[in-house]
Amino acid sequence: MVEWHLYIPQSRMGIDDLVLRAQTAEASGFDGVAFLDHLETPMAPASPIWEAMTTATWVAARTERLRIGHLVLCDPFRAPAVLAKQAVTLAEASGGRFDLGLGSGSMPDELAKFGFGTATGKQRVAALEQTLIALKGYWAGDDAQQPQPSRPIPLLLGGRGPRMLELVRQYADWWNLPATYVQELPKLLPAIGAARASVQQMVGFIGRNADGDEVADKSRRRWGHLGPGLVCGRADELIAYFARLRDQGAQRFYIWFADFGAPESIAEFGETVIAAFPN
């Protein structure tokens, strides 16, 4: 069994557009939805982007079944005590549907621009471990914040460096492999311990009535820089592709549509690709 989550970067569209995509995903067999966490749109800083936790809360309130999360929250943006409180609040408000996705921060220039320091990658990973330790303390024990979680909050860590994989082994329930490194899944999987593996994948979905060459060409113009992180195909081709990743050990897919998640693409993908995988 695999899980299917819709990845929707909350940029270049309105809040109502995000809700529509999440609700379409929920009606089409997706198991969850995830957002990104940046203060400006990567590679397009002039494009508006909505704040990550607020967006997730708003969408959680307008869905009933979907798990809600992020790929991934940026550790430097939030003090651990605040993050712990936010996570518990959203987990309880959503009926336990929140997954806490965390990363050490992937854009040093953004961190410096908005006053979050100039730490090296090694220093940011070390700080992330301190956050993980603090979260455990805030959620349990004599000195824990109140209220404590009524059920465990699943923790997902993203990244592929040796130190990050060590944190995955020690602390995480899920590990996410970024789209650009999808071909490394078999090599990295033994390093994650008991954590479950998820894969982020950009999809140029060619619908029933679409011109395949046109969809593929447009997808590659927009997202070709992702290399193997972009896959284009019709439903039968994508079924075979994701079956191979499942057989390699992936247990969750974060689907990132090359057409920015047009509702019709989400619905047809659910009806054809997701429906081909047994629950």
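The letter at position 240 of the sequence shown is residue 240 when you use this note's numbering, and the numbering goes up by one with no holes.
The beta-carbon is built from N, C-alpha and C at its ideal position, and this holds for glycine as well.
Keep in mind that this is a model prediction, so the values were computed, not measured.
Can you grab the Cα-Cα spacing for the pair L155 / A216, in whole Å?
For this step, residue 155 is matched to residue 155 along the sequence shown. For this step, residue 216 is matched to residue 216 along the sequence shown. Cα-Cα distance, rounded: 35 angstroms.
When you compare only the Cα positions, how much space is there between A61 and L20?
For this step, residue 61 is matched to residue 61 along the sequence shown. For this step, residue 20 is matched to residue 20 along the sequence shown. Cα to Cα, A61 sits roughly 13 angstroms from L20.
Residue span of the alpha helix (DSSP H) that contains W280, given as start and end
Because the chain is modelled from 1 through 279, residue 280 falls outside the range shown and cannot be assessed.
L39 versus L6: straight-line alpha-carbon distance, rounded:
As a position in the sequence shown, residue 39 is number 39, starting the count at 1. As a position in the sequence shown, residue 6 is number 6, starting the count at 1. Looking at the two C-alpha atoms, the distance is approximately 21 angstroms.
Quick check on the DSSP output: the beta strand (DSSP E) that includes M202 runs from which residue to which?
By 1-based counting over the sequence shown, the position of residue 202 is 202. Where M202 is concerned, the enclosing beta strand (DSSP E) stretches over 196–205.
By the three-class DSSP mapping on this structure, what secondary structure does L185 have?
For the purposes of this step, residue 185 is taken as residue 185 along the sequence shown, with counting starting at 1. L185: helix per DSSP, three-state reduction.
Taking only runs that begin and end inside the stretch 32–90, name each unbroken beta strand (DSSP E) of 3 or more residues, in chain order.
With a minimum length of 3 residues, the continuous beta strand (DSSP E) runs that stay inside the stretch 32–90 are 32–35, 67–70.
Taking 8 angstroms as the threshold, find out whether the stretch 232–250 comes into contact with the stretch 196–214 through three or more Cβ pairs.
Result yes; three or more Cβ-Cβ pairs closer than 8 angstroms.
If you measure between the beta carbons of V273 and L238, is that distance less than 8 angstroms?
As a working note, residue 273 is residue 273 in the sequence shown. As a working note, residue 238 is residue 238 in the sequence shown. The Cβ atoms of V273 and L238 sit closer than 8 angstroms to each other.
Where does the unbroken alpha helix (DSSP H) through G101 begin, and where does it stop?
Locating residue 101 in the sequence shown gives position 101, counting from the first residue. From DSSP, G101 is part of no alpha helix (DSSP H) but of the beta strand (DSSP E) over 100–103.
State the DSSP-derived secondary structure class of Q248, mapped to helix, strand or coil.
Here residue 248 refers to the residue found at position 248 of the sequence shown. In this structure, DSSP gives Q248 a helical state, which the three-state scheme calls helix.
Could you tell me whether the Cβ atoms of L177 and V199 are closer together than 8 angstroms?
Here residue 177 refers to the residue found at position 177 when the sequence shown is read from its first residue. Here residue 199 refers to the residue found at position 199 when the sequence shown is read from its first residue. Yes.
Can you round the beta-carbon distance between A195 and W174 to whole angstroms, since I take them to be within the 8 angstroms contact cut?
Counted from its first residue, the sequence shown places residue 195 at position 195. Counted from its first residue, the sequence shown places residue 174 at position 174. Rounded, the Cβ-Cβ distance is 6 angstroms, consistent with contact.
Name the two residues that bound the continuous beta strand (DSSP E) containing V231.
Indexing the sequence shown from 1 puts residue 231 at position 231. Where V231 is concerned, the enclosing beta strand (DSSP E) stretches over 230–233.
Does DSSP classify G227 as helix, strand or coil?
Along the sequence shown, read from residue 1 onward, the residue named residue 227 stands at position 227. DSSP places G227 in helix when its eight states are reduced to three.
Kindly list the residues whose CB is nearer than 6 angstroms to the CB of G69, restricted to its own chain and excluding five residues on each side of it in sequence; keep chain order.
Your numbering for residue 69 matches position 69 in the sequence shown. Counting only Cβ-Cβ distances below 6 angstroms, and skipping sequence neighbours, we find A34, D99, G101.
Where F257 falls: helix, strand or coil (DSSP):
To locate residue 257, count along the sequence shown from 1; it is residue 257. Residue state, collapsed to three classes: strand.
CA nearest to the CA of T180, picked from P76, G229, G193:
If you number the sequence shown from 1, residue 180 lands on position 180. Ranked by Cα distance from T180, the first of P76, G229, G193 is G229.
Rounded straight-line distance, which links the Cα of W4 to that of E110
Taking the first residue of the sequence shown as position 1, residue 110 is located at position 110. Taking the first residue of the sequence shown as position 1, residue 4 is located at position 4. Distance from the CA atom of E110 to the CA atom of W4, rounded to whole angstroms, is 30 angstroms.
Just checking my contact of G32 with L71 at CB under 8 angstroms: how many whole Å lie between their CB atoms?
Walking along the sequence shown from the start, residue 32 turns up at place 32. Walking along the sequence shown from the start, residue 71 turns up at place 71. The Cβ separation is near 11 angstroms, so there is no contact.
Please name the residue in E26, F77, I15 whose C-alpha comes closest to that of P48.
Against the sequence shown, residue 48 aligns to sequence position 48. Comparing Cα-Cα distances from P48 to each of E26, F77, I15, the minimum goes to I15.
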